[in-house]
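All residue numbers for the sequence shown refer to the working numbering, where the first residue is 1019 and numbers rise by one.
Right, one structure below, let's go through it.
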Amino acid sequence: MKLATSAAALALVSALAVPAAANTTAAATPWCGADSLSLAASPPISPGQQIYLHFYVILTNVSQQTCTLRGYPGVDLVGPDGPTLGPTYSLPRQSGDVQAVVLAPGASAASLVAFLPKIGPGGWEPAWPPTTIVVTPPDSTTQLQTPWIADGLTVLRQGDGTHPGGHVGPLQPYA
């Protein structure tokens, strides 16, 4: 009887140990700190007939260690001090599929950023011209900066409307 009880206990411990070992490996990958990341931005993308323009903020692991990012970066567009809205346009997050992105050294994750340019009857019109993109990686307070994506490309800023013209998507693997 004692042998059967010991065997059953050993089987239970063994069954529970397998998932724990698998989770330990995933949990062992450290978060990517801002000091292990570089920031770049893609050129603007015009998705068909939509009035939005898009670009990617790209975070690349420049360390020698594998690390993980998950969630949304904070994205601020910085430019001249406007009379009403100030020098910083903080873009809200858009709901999306949030997943952990494991970055080997040299690998990248990206977040899609959308914004509204100012378009009038004659085409592009002057609006607020950002000069810098400031990104705060998830779980960090350290900010990274890169120049604005295109000289002369301006942004139509909006306040806290129900459907803001600019927004940031979750980080995804980027090749």
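Ideal placement from N, C-alpha and C gives every residue a C-beta, glycine not left out.
Practice task
Could you tell me whether the segment 1082 to 1099 touches the segment 1156 to 1173, using the rule of 3 or more Cβ pairs below 8 Å?
Solution key: Pairwise C-beta distances place the segment 1082 to 1099 in contact with the segment 1156 to 1173, as three or more of them are shorter than 8 Å.
Problem - T1172 vs A1145 beta-carbon contact at 7 Å - result: yes
Problem - T1043 versus A1122: straight-line alpha-carbon distance, rounded - result: Residue placement at T1043 cannot be trusted, given a pLDDT of 40 that sits under 50; what the coordinates show is reported in the next sentence. Roughly 15 Å between the two C-alpha positions.
Practice task
Would you be able to state if there are at least three C-beta pairs under 8 Å between the segment 1099 to 1115 and the segment 1067 to 1081?
Solution key: In this structure the segment 1067 to 1081 does not lie against the segment 1099 to 1115, because fewer than three pairs of beta carbons, one per stretch, are closer than 8 Å.
Practice task
Using a Cβ cut-off of 7 Å (strictly closer), state whether I1069 contacts chain D.
Solution key: Of the protein chains in this structure there is only one, and it is not chain D.
Exercise for the section: Determine the DSSP secondary structure at A1035, reduced to helix, strand or coil. Expected result: In this prediction, A1035 has a pLDDT of 36, which is less than 50 and means its spatial position is unreliable; what the coordinates show is noted afterwards. Helix at A1035.
Exercise for the section: Specify, as a first and last residue, the run of the beta strand (DSSP E) that L1162 falls within. Expected result: L1162 to P1165
Practice task
Classify A1052 as helix, strand or coil using the three-state DSSP reduction.
Solution key: helix
Handout entry: Closest by C-alpha distance to A1005, when choosing among G1184, Q1190 and V1153
Key = Only positions 1019 to 1193 of the chain appear in this structure, which leaves residue 1005 out of reach.
Exercise for the section: Could you check the C-alpha separation between V1120 and T1047 for me, to the nearest Å? Expected result: 8 Å
Handout entry: Straight-line Cα distance separating V1186 from G1051
Key = 20 Å
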